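Asks:
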Amino acid sequence: MRQLLFSEALLHSKTPPPAPVLHPTAQPHTMADRAQETTMDRILQEISAVGRRLEGMDSDMASLTAEAKSMHLDIAGFQSRVTGLEQGVVTVETHVASSRDWDQELLYLRIKMIDLEDRSRRDNV
1362 MRQLLFSEAL LHSKTPPPAP VLHPTAQPHT MADRAQETTM DRILQEISAV GRRLEGMDSD
1422 MASLTAEAKS MHLDIAGFQS RVTGLEQGVV TVETHVASSR DWDQELLYLR IKMIDLEDRS
1482 RRDNV
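In terms of my numbering, the sequence shown is residues 1362 to 1486.
#1: Measure the C-alpha to C-alpha separation of E1420 and G1449 and round it to an integer number of angstroms.
#2: Assign V1443 to one of three DSSP states: helix, strand, or coil.
#3: Could you give the distance in angstroms between the alpha-carbon of S1441 and the alpha-carbon of V1451?
#4: For V1486, does the three-state DSSP call read helix, strand or coil?
#5: Measure the C-alpha to C-alpha separation of Q1397 and A1437 and round it to an integer number of angstroms.
#6: For T1400, which of helix, strand or coil comes out of DSSP?
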C-alpha cells in the first residue's frame, strides 16, 4: 500500500487544516489583524508613556524627599539658633536687672554722700 502524502492526507481528512502560523515579523493579512495590531501598538505606547511618567514621578518624589529632609535640618538649625538667642536674651535681661540694682545702689550712695557732705559743712561752720 502506498503511503499518502501530507497534502493528500489533508484532502481525505475530515478535520479542517491548521491555521497558518504567522511569523512575529510577518505583516497581518486582514483589516481586523491590522486594527488589532494598531490597537496593541497604541496600548504599548501608552504603557510605555505611563512607565516614563512613573519614573519621572519617582525621581520627583526622591527630590521632594531630599528637599524635605534638608528643610527639616534647616528647621532644626533655626530652632537651635532661636534657643541660643533666647538664652542670650535671658543673659541680657539678667545683666539689665543687675545694672538696675547697681544704679539704685549708686543713687543711694550719692544721696548718702550729699547728706554726709551737708553734715560736714554744718559741723565745720
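Where a beta carbon is used, it is the ideal one built from N, C-alpha and C, also for glycine. On a predicted model such as this, the values are computed, not experimentally measured, just so you know.
Replies: This is what the structure gives:
#1: To locate residue 1420, count along the sequence shown from 1; it is residue 59. To locate residue 1449, count along the sequence shown from 1; it is residue 88. The sequence given here places Ser at residue 1420; Glu does not occur at that position. Approximately 43 angstroms, taken between the alpha carbons.
#2: The residue given as residue 1443 occupies position 82 in the sequence shown. Here V1443 sits in helix by DSSP.
#3: For the purposes of this step, residue 1441 is taken as the residue at position 80 of the sequence shown. For the purposes of this step, residue 1451 is taken as the residue at position 90 of the sequence shown. C-alpha separation (whole angstroms): 15 angstroms.
#4: Within the sequence shown, residue 1486 is the residue found at index 125, counting from 1. Of the three classes helix, strand and coil, the one that applies to V1486 here is coil, per DSSP.
#5: Numbered from its first residue, the sequence shown carries residue 1397 at position 36. Numbered from its first residue, the sequence shown carries residue 1437 at position 76. The straight-line gap separating the alpha-carbon atoms of Q1397 and A1437 is approximately 59 angstroms.
#6: Stepping through the sequence shown from its first residue, residue 1400 is reached at position 39. Helix at T1400.
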